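Okay, structure first, notes after.
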Amino acid sequence: MNWILLLLAALCQDLAAADSNYDYYRLPTALRPQKYFISILTHLEDREEFRFSGTVKILIEALQNTNNITLHSSSLDIDESQTTLRQISGEEKKDNCVASTEVNPNHNFYILKTCQELLAGNVYELSLSFSAELQDQLEGYYRSSYVDPADNETRWISITQFQPTSARMAFPCFDEPAYKAPFVITLGHHRKFTALSNMPLKQTKSHDTLPDYIWTEFQESLPMSTYLVVYSVNDFSHKLSSLPNGPLFRTWARPNAIDQCDYASEFGPQVLMFYEQLFGIGFPLPKMDQIAIPDFSAGAMENWGLVTYKETSLLYSPEHSTQIDKLRITNIVAHELAHQWFGNLVTMKWWNDIWLNEGFATFVSNLCIEHIHPEWRSVEPKIFANQLRFFNKDSLESSHPISRPIELVSQIFESFDEIAYEKGSLVLRMMHLFLGEESFRSGFKSYLEKYSYKNAERDDLWDSLTQVAHKNNILPKNYEIKTIMDSWILQTGYPIVNVTRDYTTRTASLSQERYLLNTNLSRTDHKECWWIPLSFTTQEEKDFNNTAPKAWMECSNDGKSLPKTIEDLPGADQWIIFNTRIASPYKVNYDSRNWELLIATLNSDDFESIHVVNRAQLITDVLYFAWTGEQDYETALRVLAYLQRERESLPWSSVLDHLEHFTYILQQTSKFGIFTRFIRKLITPIYEHLNGINYTDTTSIQNHDKLRLKIMVAPIACLYRVSDCVAQSLVYFSNWRSEANPDEENPVPLGARATIYCYAIRHGSDEDWDFLWTRYQRSNVASEKFTFLNSLSCTWEVWLLQRYLERIFDGNGEIRKQDSVFAFKAIAAREVGFLLAKKYFMDNVELISKVYHSQPEIMSEMLQWLAKQIYTEKDYNEFKTFIANSKEHLKDMDQAISQTLEMTLINVQWMTQKQNQFTRAIEKFL
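When the count follows the numbering used here, it moves up by one through the sequence shown with no breaks and lands on 1743 for the last residue.
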């Protein structure tokens, strides 16, 4: 059936190619760009009117006869008196021109009706002149700024952010990923600035008419998609890295932050060399630049040859940034440089396969970090964190498949989420484990070589991997990678594997079903089936290193789950654990006896005989099952009881993730008191084992896991007033306030600053708040400024929070637009701040929508944070009515709205159906 739909869609495109009223969401297929010549003149001197102007010359090959040229263009003023069209190759070269133009605003189409028909096989040159405001909306070609401390003057730069569909805001183009072409880019600018783009500098020359202006021309690029084009005019400094026999490697930042580039400048080249070895393909460009942008909406963007980063994603200060900040930078740099091959060299054909880019980069960045910094032991925590992130989102009925139809620009933005990144990376990891290292790498190398400088789709990857898997006898001949992986890629959600043992026959019957958080939905109505590789170990074996599948759960040809029995299991006194080290993204529920055996081991001196990853797995699975009723809370809390002796960070990250959610919905209720007692009993032993927050931060290799654990435990210990946490925080903060020069001298331990600042502000005065706000204003380190913004939200003073909310959206620049959503979310996460944030959002939704004009993904984040603490039917109905009445201000947010309402409904369900059971279980636990 799918091929019929595709044929019809293609036919519609071909027929529409001759119709100027074309309204299909994809470009017509009659034309293809061969090369772009782009010249952009940028004015950063006129502070009254920031503008840019330019010309684009596109060499266009006609694949079919057509009378129309359909391009993308948005927010550009096109001077049609300067438009020219001429034939440059083919028989009987004829004069041509543009007879008329029209605009389709639904799809940002700019349609040119030609005077003469464009004939298949000929090449034409289209020239367009355009101009636009160099705006501050953090997309397209826009402006950013920083303050030079030498003279307290604002300095302006320009930068691009084109992914996914904003190249059309900078120049008219064929703005779809499959329309790859080489680019020759020339930037006009004042000579005091530096110009950067994808490729190295070719030449500079003086501007014909503007004194002190020059043209900077760059070398012709390799074929690439428009969303990967990048250029910037700036006065930044750079650090040059040493990369023997490799490309030129530079890291750029504003001059007063160049000293924070050392780490990224050192780490980046190591990443590039690792990927060259991993993929067996050299980096294809002559240079690689990284640049930290003061105003940037994404975490980073993988533009080919010039990767752009938010400052917090690239800049690191040993005196002000934490080990967590360093790890975040490490992850992001490794992720973006992976894209230089997977995404840039080979690009998905259409945005439905964005997971091929993002999932793969997320996955291989873990391999990269493990190779370069094995001593950090960061990979398993990252994988588990990814699992937690996507498990929650994909438990919603309103979730979506990894690969889904994309027909609107808003749907492209919505696809850059936990499903594409985290779930995409985990299904690739699953495939890596069941194929083995050699077959996996060989298959991907074949894929990259075959489709270099081209576009591909998931079936192309499946073909390459299946060939290798069969050749190496990794999979039976009747198993196809496509069959296995499409069950994970094309279906929403993920499975529970239910394990029911027969202790007499020493067998286990396995079944699968989709896991859903919404308990009002019937699971039997969902007939999904996944091909599941089954790894497992027993109490006797305890072989947690073997993650290869010992068996498979299969699906029939019509998509139904086939029954599965595992034989030769141990006796009735021994447990079994499936999904060794979480090799695959599914949950496992056992019969009551197997849970009892697991609980007995966990609460014995032998608890470490279960691998730490599977201890974390048992915690998260049983808490999810208790939430939805597959298990009771007494069983869940008996699993948690062993944590009083747990000293590894991974199981704690699992339980703290769940406890945070309980905190959100219980802190406004009368049950919060007993919940507080429960937390104190659980947390006190580990807090005291870690010596509380009384430690000196260290970068010692041996302490990475301990540092992670301390950073996780400290905030919840202070929130629930465990031991001396608050008292010590107040002492540290007071000592800092006593410093003569607090911006230079800070006695607060670096790793504990986020917690100490927060609880000093919570229990402090308005003078303490103003002191921290001043530190925020004066800080030159982006990661430190983030810490300050978060801590300022901790106050219980309503008037301070209200003032803070107003500062976020007042537009005077004290809080950058990119940081304002973070500050709002920080306020919304607090028990006092939530009520104020919700009211402010509902009262000012029109204002906020104007602040984030054309950035629905930011509004979506705010909406979903507000959902976390709505737990009564009355508040749910009020919120639902607000959303229904605010549609004009919540445009292009259909997915976020559906998920937000479902999350709030799930909270209401739990409060109605499970809260009392949870409270009774806590009373027994205490």
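Using N, Cα and C, we set each Cβ at its ideal position, and we do this for glycine too.
Given the structure is predicted, the values throughout are model-derived calculations rather than measurements.
Per DSSP, the unbroken beta strand (DSSP E) holding Asp1106 starts and ends at 1104-1110. For Trp1348, the number of other beta carbons within 10 angstroms of its own is at least 16, and it is reported as buried. Going by DSSP, Gln933 is part of the beta strand (DSSP E) stretching over 926-935. For the pair Phe988 and Phe947, the CB atoms are nearer than the 8 Å cut-off.
Contact between the stretch 1709-1716 and the stretch 1223-1239 is established, with three or more Cβ pairs separated by less than 8 Å.
Judged by DSSP secondary structure, Glu1330 falls within the beta strand (DSSP E) whose first and last residues are 1324-1331. Residue burial is scored here from C-beta neighbours: Asp1660 has fewer than 16 other C-beta atoms within 10 angstroms and is therefore classed as exposed. Here Pro1564 is exposed, its C-beta having fewer than 16 other C-beta atoms within 10 Å.
If you draw a 10 Å sphere on the C-beta of Ser1378, you find 16 or more other C-beta atoms in it, and that means buried. Annotation note: the stretch 1471-1527 contains the following uninterrupted alpha helix (DSSP H) runs of length 4 or greater, listed N- to C-terminal: 1489-1506.
In the DSSP assignment, Thr1445 falls within the alpha helix (DSSP H) that extends over 1429-1445.
Thr1397 places its beta carbon 8 Å or farther from that of Thr1418.
A distance below 8 Å separates the beta carbons of Ile1236 and Ile1219. Cβ atoms of Pro981 and Tyr1044 come within 8 Å of each other, at about 6 Å. Judged by DSSP in its simplified three-state form, Asn921 adopts strand. Uninterrupted alpha helix (DSSP H) stretches at least 4 residues long and entirely within the stretch 1084-1168 occur at 1140-1155, given in chain order. Each residue's CA atom was taken as its position, placing Phe1658 and Ile1665 some 7 Å apart.
Membership of Glu942 in the beta strand (DSSP E) is indicated by the continuous run 940-950. Around the beta carbon of Trp1069, 16 or more other beta carbons lie within 10 angstroms, which makes this residue buried.
DSSP places Ile1229 inside the alpha helix (DSSP H), whose first and last residues are 1226-1231. In the three-state DSSP reduction, Ala995 falls in the coil class, being neither helix nor strand.
Cβ neighbours of Tyr1537 within its own chain (closer than 8 Å, five residues either side excluded): Thr1493, Ile1496, Arg1497, Ile1500. Between Ile1146 and Tyr1080, the CB-CB gap stays under 8 Å. For Trp1369, the beta-bridge partners assigned by DSSP are Pro1350. Here Phe867 is not near Leu858, since their CB atoms are 8 Å or more apart. Residues of the same chain with a CB within less than 8 Å of the CB of Gln1681, apart from the 5 flanking positions on each side, are Ala1713, Gln1716, Thr1717, Met1720 in chain order. Within the same chain, and ignoring the five residues on either side of Ser962 in sequence, the residues whose Cβ sits closer than 8 Å to its Cβ are Thr971, Arg972, Trp973, Ile974, Pro1111, Asp1112. For Val1405, the enclosing beta strand (DSSP E) begins and ends at 1404-1407.
The DSSP assignment places 868-879, 883-889 as complete runs of the beta strand (DSSP E) inside the stretch 867-895, in order along the chain (cut-off: 3 residues). Note that the stretch 1321-1330 does not touch the stretch 1198-1213; fewer than 3 beta-carbon pairs, one per stretch, sit closer than 8 Å. Distance between Met1247 and Lys1288, taken at the CA atoms: about 20 Å. Listed in chain order, the non-local C-beta contacts of Pro1532 below 8 Å within the same chain comprise Ala1571, Thr1572, Cys1575, local neighbours out to five positions each way being set aside.
Here Phe1251 carries a helix assignment [DSSP, helix/strand/coil]. In this structure, the beta-carbon distance from Ser1232 to Trp1279 does not fall below 8 Å.
For the pair Trp1369 and Ile1687, the Cα-to-Cα distance works out to about 41 Å. Rounded to whole angstroms, the gap between the alpha carbons of Ala1654 and Gln1734 is 31 Å.
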